[in-house]
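Chains as they are written, first to last, in this note's numbering: chain V, 1 to 161; chain Z, 1 to 176. Note that beta-carbon positions come from the ideal geometry of N, C-alpha and C, so glycine has one too. Here the structure is a predicted model, which is why all the values come from computation and not from measurement. Below you'll find the structure, written out as structure tokens, and then a few comments.
Here's what the structure looks like:
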């Protein structure tokens, strides 16, 4: 053990090497592995698209509940669900869901705690998520969704200013 | 410091990987990718606390954890793995998953003892590259008084540095 320039003691260790468990030969080629991985992810993406509608219905229920109660617990539930969608979106082929989710999360995280949450801002985000899903199903591209996402970001900017 | 020549047929079948994410979809995506890459044992958990329990049970070689989870966050899991007296392996490799928007937080969080970062969206190629990095470029661990225990953070500052010992404290203990 020796001292750092700041006078603190530093001790170094060499952890067990993973190289002992992972030979550099004998596994699948990278190309084969990536091809298999793409197929495996595609199956999950299809399933994700299937449950997205149910997830949006659940957000509607939570929003109705929040309108009635204005309670923090329901707001947290809304936040968690949209936050999860945000994390999944880009990986599962829905980058606009990530963008809209980011706008939603920014609104709730950065808002002035002394100002009440505006339910219509939440509603607009949920509607935007529905538009993304609808456009995707109709295979119409993302033109409308992109405009909606940009408009939402403006709404949040105004609400936060 | 020589250039690493990467073999393309890594055999991950003996590797044990634990995936921790509160999103079941993300857990499945990452697990499916790992299995496709040939990882032999893949386990999953859905919160930081469950992740620690699973790590105690399965003793993974690598933990891949989301940063922001309901019911115990990623940094908390890393803290438990590195410091808790019942941790199955304080030296376990940890890959932290994070969204782009969280990068600033993540840079500050090197102090938690994370081995590698992987930004979302997760791709098979990026995940493969992280696993190869853990195998080919293992990082020594360092304990600095009571301030820090984890992978040596200097690698991130300058990957190619190979001059004199900048900290002036090199004193390795092989625990392998």
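| request: Report the neighbours of residue 23(Z) on chain V: residues whose CB is nearer than 7 Å to its CB, in chain order. | output: Residue numbering aside, residue 23(Z) sits at position 23 when the second chain is read from its first letter. Those are 84, 87, 88, listed as they occur along chain V.
| Three-state secondary structure (DSSP) at residue 56(V)? | As a first step, residue 56(V) must be located in the first chain, where it is residue number 56. Residue 56(V) falls in the helix class under three-state DSSP.
| Would DSSP call residue 113(Z) helix, strand or coil? | Against the second chain, residue 113(Z) aligns to sequence position 113. Reduced to three states, the DSSP call for residue 113(Z) is coil.
| Cross-strand partners of residue 118(Z) (DSSP beta bridge) | One-based indexing of the second chain puts residue 118(Z) at position 118. Its beta-bridge partners are 97(Z).
| Alpha-carbon spacing of residue 158(V) relative to residue 32(V), whole angstroms | Here residue 158(V) refers to the residue found at position 158 of the first chain. Here residue 32(V) refers to the residue found at position 32 of the first chain. Approximately 49 Å, taken between the alpha carbons.
| Going by the CB atoms, is the gap between residue 14(Z) and residue 44(V) shorter than 8 Å? | As a position in the first chain, residue 44(V) is number 44, starting the count at 1. As a position in the second chain, residue 14(Z) is number 14, starting the count at 1. Cβ atoms of residue 44(V) and residue 14(Z): not closer than 8 Å.
| When you check each C-beta in the region 47-72 of chain V against every C-beta of chain Z, which residues fall closer than 7 Å? | If the cut-off is 7 Å between Cβ atoms, the region 47-72 of chain V has 48 near chain Z.
| task | Decide if residue 21(Z) is buried, meaning its Cβ has at least 16 other Cβ atoms within 10 Å, or exposed. | result | Counting from 1 along the second chain, the entry for residue 21(Z) is found at position 21. It counts as buried.
| query | How big is the Cα-Cα spacing for residue 87(Z) and residue 155(V)? | reply | To locate residue 87(Z), count along the second chain from 1; it is residue 87. To locate residue 155(V), count along the first chain from 1; it is residue 155. Cα to Cα, the separation comes out at about 47 Å.
| request: Answer with yes or no whether the minimum CB distance from residue 29(Z) to chain V is below 8 Å. | output: For this step, residue 29(Z) is matched to residue 29 along the second chain. So yes, residue 29(Z) belongs to the interface.
| field | Contacts that residue 86(Z) makes with chain V (C-beta to C-beta distance below 9 Å) | value | Position 86 of the second chain, counted from the first residue, corresponds to residue 86(Z). Per Cβ cutoff of 9 Å: no residues; residue 86(Z) is ~19 Å from chain V at best.
| said: Tell me which residue opens and which closes the beta strand (DSSP E) that residue 14(V) is part of. | reply: In the first chain, counting from the first residue as 1, residue 14(V) sits at position 14. Per DSSP, residue 14(V) belongs to the beta strand (DSSP E) from 9-14.
| message | On the DSSP letters alone, give me the boundaries of the alpha helix (DSSP H) that residue 17(Z) sits inside. | response | To locate residue 17(Z), count along the second chain from 1; it is residue 17. Element bounds for residue 17(Z): not the alpha helix (DSSP H) but the beta strand (DSSP E), 16-20.
| message | Using a Cβ-Cβ cutoff of less than 8 Å, which residues in the same chain neighbour residue 122(Z) once the five nearest sequence positions on both sides are dropped? | response | The count along the second chain starts at 1 and reaches residue 122(Z) at position 122. Around residue 122(Z): 26, 29, 30, 33, 97.
| field | residue 70(V) burial status per 10 Å Cβ neighbour count (16 or more: buried) | value | The residue labelled residue 70(V) in the question sits at position 70 within the first chain. Its Cβ having fewer than 16 others within 10 Å, residue 70(V) is exposed.
| query | Per DSSP, residue 148(V) forms a beta bridge with which residues? | reply | Looking up residue 148(V) in the first chain gives position 148. In the DSSP output, where bridge partners are listed per residue, residue 148(V) has none listed.
| Who are the neighbours of residue 104(V) on chain Z, taking C-beta pairs under 7 Å? | Residue numbering aside, residue 104(V) sits at position 104 when the first chain is read from its first letter. Those do not exist, as residue 104(V) stays about 12 Å from chain Z at its closest Cβ, beyond 7 Å.
| field | Spatial distance of residue 78(Z) from residue 142(V) (CA atoms) | value | To locate residue 78(Z), count along the second chain from 1; it is residue 78. To locate residue 142(V), count along the first chain from 1; it is residue 142. Going from the Cα of residue 78(Z) to the Cα of residue 142(V) covers about 39 Å.
| request: Name, please, each residue of chain Z whose Cβ falls closer than 8 Å to the Cβ of residue 142(V). | output: Translated into the one-based positions of the first chain, residue 142(V) becomes position 142. Simply none; closest approach about 16 Å.
| Local conformation of residue 151(Z) per DSSP, three classes | The sequence position of residue 151(Z) within the second chain is 151, counting from 1. Residue state, collapsed to three classes: strand.
| said: Do residue 59(Z) and residue 16(Z) count as a contact pair if the criterion is CB distance below 8 Å? | reply: Locating residue 16(Z) in the second chain gives position 16, where the first residue counts as 1. Locating residue 59(Z) in the second chain gives position 59, where the first residue counts as 1. Contact: yes.
| said: Does chain V have any CB closer than 8 Å to the CB of residue 63(Z)? | reply: Here residue 63(Z) refers to the residue found at position 63 when the second chain is read from its first residue. By this cut-off, residue 63(Z) is not an interface position.
| task | With 7 Å as the C-beta to C-beta threshold (strictly closer), list the residues of the region 19-48 of chain V near chain Z in chain order. | result | Among the residues of the region 19-48 of chain V, those with a Cβ less than 7 Å away from any Cβ of chain Z are 19, 21, 22, 23, 24, 25, 26, 27, 28, 29, 30, 33, 34, 36, 37, 38, 40, 41, 44, 48, in the order of the chain.
| task | Could you work out which residue in 19(V), 89(V), 125(V), 101(V) is closest to residue 10(Z) when comparing CA atoms only? | result | Here residue 10(Z) refers to the residue found at position 10 of the second chain. Among 19(V), 89(V), 125(V), 101(V), the Cα nearest to that of residue 10(Z) is on 19(V).
| Any C-beta of chain A sitting closer than 8 Å to the C-beta of residue 9(V)? | This model lacks chain A altogether, as its protein chains are V and Z.
| Using a Cβ-Cβ distance under 8 Å, would residue 208(Z) count as near chain V? | This structure gives no information on residue 208(Z), because the portion of chain Z shown stretches from 1 to 176.
| Between residue 153(V) and residue 144(V), what straight-line distance do the alpha-carbon atoms span, to the nearest angstrom? | For the purposes of this step, residue 153(V) is taken as residue 153 along the first chain, with counting starting at 1. For the purposes of this step, residue 144(V) is taken as residue 144 along the first chain, with counting starting at 1. Near 14 Å, if we compare the C-alpha coordinates of residue 144(V) and residue 153(V).
| field | Exposure label - residue 109(V); buried when at least 16 CB within 10 Å | value | The sequence position of residue 109(V) within the first chain is 109, counting from 1. By the neighbour-count rule (16 or more Cβ atoms within 10 Å), residue 109(V) is not buried but exposed.
| said: On the DSSP bridge list, what partners appear for residue 64(Z)? | reply: By 1-based counting over the second chain, the position of residue 64(Z) is 64. Looking at the DSSP output, residue 64(Z) shares a beta bridge with 19(Z), 95(Z).
| field | For residue 64(Z) and residue 51(Z), the rounded distance between their alpha carbons | value | Along the second chain, one-based indexing puts residue 51(Z) at 51. Along the second chain, one-based indexing puts residue 64(Z) at 64. Distance between the alpha carbons of residue 51(Z) and residue 64(Z) is about 10 Å.
| field | is_contact[residue 17(V), chain Z] using C-beta, thresh 8 Å | value | Within the first chain, the letter at position 17 stands for residue 17(V). Chain Z contact via Cβ: present.
| request: Could you list which residues in chain Z have their beta carbon closer than 9 Å to that of residue 74(V), in chain order? | output: Residue numbering aside, residue 74(V) sits at position 74 when the first chain is read from its first letter. The contacting residues do not exist; residue 74(V) stays about 15 Å from chain Z at best.
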